[in-house]
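Structure, as structure tokens:
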Amino acid sequence: MKNNQISLDKFIKKSLYNKENGYYSKKKFFGSRGDFITSPLISHLYSEMLAIWCVAFWEKLNKPKKIRIIELGPGDGTMCFEMINVFKRFDAFYDCLKINLLEISKDLIKKQKLKLRNEKIKWISNLNQIKSGPIIFIGNEFFDSLPIKQLKKNNNSFLEKYASFSKNEKKIKFSFKAAGKKLTKDIIKLKLNDYGDFIEYPIISIKYLEKLSKMINTFGGGLLMIDYGYNIKKMGDTLQAVKNHKFSKLNKDIGKNDISAHVNFYLFSEILKSKKLNVSKVVTQSEFLQKMGIIQRANILANKMSFKEKSNLFYRMKRLLDKKEMGEIFKVLFAQKKNQDFNLGF
Ligand SMILES: C[S@@+](CC[C@H](N)C(=O)[O-])C[C@H]1O[C@@H](n2cnc3c(N)ncnc32)[C@H](O)[C@@H]1O
Numbered sequence: 000m001k002n003n004q005i006s007l008d009k010f011i012k013k014s015l016y017n018k019e020n021g022y023y024s025k026k027k028f029f030g031s032r033g034d035f036i037t038s039p040l041i042s043h044l045y046s047e048m049l050a051i052w053c054v055a056f057w058e059k060l061n062k063p064k065k066i067r068i069i070e071l072g073p074g075d076g077t078m079c080f081e082m083i084n085v086f087k088r089f090d091a092f093y094d095c096l097k098i099n100l101l102e103i104s105k106d107l108i109k110k111q112k113l114k115l116r117n118e119k120i121k122w123i124s125n126l127n128q129i130k131s132g133p134i135i136f137i138g139n140e141f142f143d144s145l146p147i148k149q150l151k152k153n154n155n156s157f158l159e160k161y162a163s164f165s166k167n168e169k170k171i172k173f174s175f176k177a178a179g180k181k182l183t184k185d186i187i188k189l190k191l192n193d194y195g196d197f198i199e200y201p202i203i204s205i206k207y208l209e210k211l212s213k214m215i216n217t218f219g220g221g222l223l224m225i226d227y228g229y230n231i232k233k234m235g236d237t238l239q240a241v242k243n244h245k246f247s248k249l250n251k252d253i254g255k256n257d258i259s260a261h262v263n264f265y266l267f268s269e270i271l272k273s274k275k276l277n278v279s280k281v282v283t284q285s286e287f288l289q290k291m292g293i294i295q296r297a298n299i300l301a302n303k304m305s306f307k308e309k310s311n312l313f314y315r316m317k318r319l320l321d322k323k324e325m326g327e328i329f330k331v332l333f334a335q336k337k338n339q340d341f342n343l344g345f
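One point on numbering: in numbering that gives the first Met the number 0, the residue at position 291 of the sequence shown is 290, and numbering is uninterrupted.
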């Protein structure tokens, strides 16, 4: 088994992004007939609130002549599509707008291109392609979908989780082995050993946070992120595999499960603060959307609706706002350049 061992983050990468059989090369994984559903697919009011938030942030920045929105991991393009519909109602903003979509899945890029036929949009594969701002980075369920490492404390050292494959790759076992020197150094540098005995190291997310902070410090703007997650320091094992809207086993049906881990918002806030950004408090999705006026907006729309349409609208609102559904487990964080103090929604 020894030669067929890979670290957990590499295993997740292989399961999600492998070109032939990785999860993101699958044809249908979003929506009610897919494996999971995200907020933008539940109600267009969600994207509408985020679009209004972007316009308000641009106003707070004194309406710069150019404003760039970069969506991180745009999925099937629904959120961007709905946001553009709102942006078109704000002529002055729309004239200044450029949009970039950062997407890793070739299949999703095809889907996005079919849905989003708009000259303002350019797809990028690397953030280094961007040379100007200010930039509003926006990511819905982006960070919770990125590969992580898991470690356990072992006296004064760490053990890292590995996946071992059988010869035909059909059987997979997880086990822990001593973490390498470089990894141990990184864990200590990030003070992750203070986060409990079980550590989830979001190695890719941290690289993104560092890059985005640098770009925000250089070009101005901010990062608005909405993810599945928690806001206490202590970490636990939050890795999950989901298939057909049900929990599934991480080591079964490789490439057929969506794999994600909860975001530790406490850690993310600390990292963004260490990069000299002004970081908001963490609020729940429900608080954010209600502060943005989603209920008032729904009531206005409901005035002209039939009973059936109203029921549908409020059923969907409940899914976004209820604490037993997506209202509390999803959290929102905003980090902006130090000299800015935009706080709408927080
Ligand atoms: C859970 S989906 C969320 C999709 C969408 N934002 C939504 O809320 O419906 C994660 C998205 O991030 C993309 N993604 C994952 N890892 C990525 C990476 N390293 N770089 C760019 N996009 C990535 C996926 O292909 C997918 O579009």
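Ideal Cβ placement from N, Cα and C applies to all residues, glycine included. Just so you know, these numbers come straight off a predicted model, no measurement behind them.
A distance criterion of 6 Å places the beta-carbon of S104 in contact range of ligand 1, judged by its closest non-hydrogen atom. P39 has its CB nearer than 6 Å to a heavy atom of ligand 1. Counting only residues of its own chain and dropping the five nearest sequence neighbours on each side, S124 has no CB closer than 7 Å to any other CB. When the Cα atoms are used, K323 and S285 turn out to be separated by approximately 11 Å. Put simply, of F246, K213, E118, E47 the residue whose alpha carbon is nearest the alpha carbon of F89 is E47. In the structure shown, the three-state DSSP call for M82 is helix. Per DSSP, the unbroken alpha helix (DSSP H) holding Q295 starts and ends at 293-301. Our two residues, F92 and N277, have alpha carbons roughly 24 Å apart in a direct line. Judged by DSSP secondary structure, R318 falls within the alpha helix (DSSP H) whose first and last residues are 306-320.
A direct Cα-to-Cα measurement between S259 and K176 gives close to 22 Å. When Cβ pairs closer than 8 Å are counted between the two stretches, the stretch 329-341 is seen to touch the stretch 278-297, the count reaching three or more. If only complete runs of 4 or more residues are kept, the stretch 174-208 shows the alpha helix (DSSP H) at 180-188, in order along the chain. Ligand 1 has no heavy atom closer than 6 Å to the beta-carbon of S174. For L101, the enclosing beta strand (DSSP E) covers residues 96-101. S156 and K169 have their alpha carbons spaced roughly 32 Å apart.
Spanning the alpha carbons of C53 and Y314 requires a straight line of approximately 26 Å. If you look at V281, you'll find it isn't in any alpha helix (DSSP H); DSSP assigns it neither H nor E. With a cutoff of 7 Å on beta-carbon distance, I5 and A162 are scored as near each other.
For N153, the pairing in a beta bridge is given by DSSP as S156.
For I41, same chain residues with a beta-carbon under 7 Å away, outside a window of 5 residues either side, are R315, R318, L319 in chain order. Just measuring C-alpha positions, the residue of F141, L238, L100, K190 sitting nearest Q149 is L238.
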